[in-house]
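Here the structure is laid out as C-alpha cells; the discussion comes afterwards.
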Amino acid sequence: MSFDTIVRMLKTQVDFKESEIIHTFHSTTKTPILSVIYHFDSETFLLTYLDTQQVENFTDINELAGSIERYLKNQPLEVRS
Numbered sequence: 074m075s076f077d078t079i080v081r082m083l084k085t086q087v088d089f090k091e092s093e094i095i096h097t098f099h100s101t102t103k104t105p106i107l108s109v110i111y112h113f114d115s116e117t118f119l120l121t122y123l124d125t126q127q128v129e130n131f132t133d134i135n136e137l138a139g140s141i142e143r144y145l146k147n148q149p150l151e152v153r154s
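Those letters in the sequence shown? Residues 74 to 154, per this note's numbering, in order.
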C-alpha cells in the first residue's frame with residue numbers, strides 16, 4: 074500500500090470526524106494486525122498494534138502514514154474499513 078493511499082485514508086477519518094471510522098489492516102490470512110481511529114475532540118489518531126495491543130498517538134498525518142507504511146512494508150495486506 075502506498076504512502077499516498079494511506080494518507081488519503083487518514084484524511085477521510087478527519088473529514089468525517091463526527092463519525093467513528095476505524096481502519097483495520099489485515100494480513101493475507103485475514104488476521105487483523107493494525108487499527109487506526111481518529112478522536113476529533115483531541116485531534117489525535119490512535120494506532121493500535123493488535124498483536125500486542127500497544128497504542129501510539131499521532132497528530133501528524135504524514136508521520137502516522139510513514140509509521141504504518143514501514144510496519145506494513147513486508148506484509149501482504151488487504152484493508153477493511
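Here a beta-carbon is modelled for each residue, glycine too, at the ideal position from N, C-alpha and C.
Because the structure is a prediction, the values reported are computed rather than measured.
Proximity below 8 Å, CB of residue i to CB of residue j
{"i": "residue 128", "j": "residue 117", "result": "no"}
{"i": "residue 134", "j": "residue 90", "result": "no"}
{"i": "residue 148", "j": "residue 115", "result": "no"}
Inter-residue Cα distance where the pair is residue i and residue j
{"i": "residue 86", "j": "residue 110", "result": "8 Å"}
{"i": "residue 125", "j": "residue 81", "result": "26 Å"}
{"i": "residue 105", "j": "residue 141", "result": "14 Å"}
{"i": "residue 74", "j": "residue 139", "result": "11 Å"}
{"i": "residue 102", "j": "residue 130", "result": "27 Å"}
Beta-bridge pairing of residue i - partner residues as DSSP gives them
{"i": "residue 181", "result": "The first residue shown for the chain is 74 and the last is 154, placing residue 181 beyond what the model contains."}
{"i": "residue 76", "result": "Note: residue 76 sits in no beta bridge, so no partner."}
Where the beta strand (DSSP E) containing residue i begins and where it ends
{"i": "residue 134", "result": "Here residue 134 belongs to no beta strand (DSSP E); instead the alpha helix (DSSP H) covers 134 to 145."}
{"i": "residue 115", "result": "Premise fails: residue 115 is in no beta strand (DSSP E) and is neither H nor E."}
{"i": "residue 95", "result": "95 to 100"}
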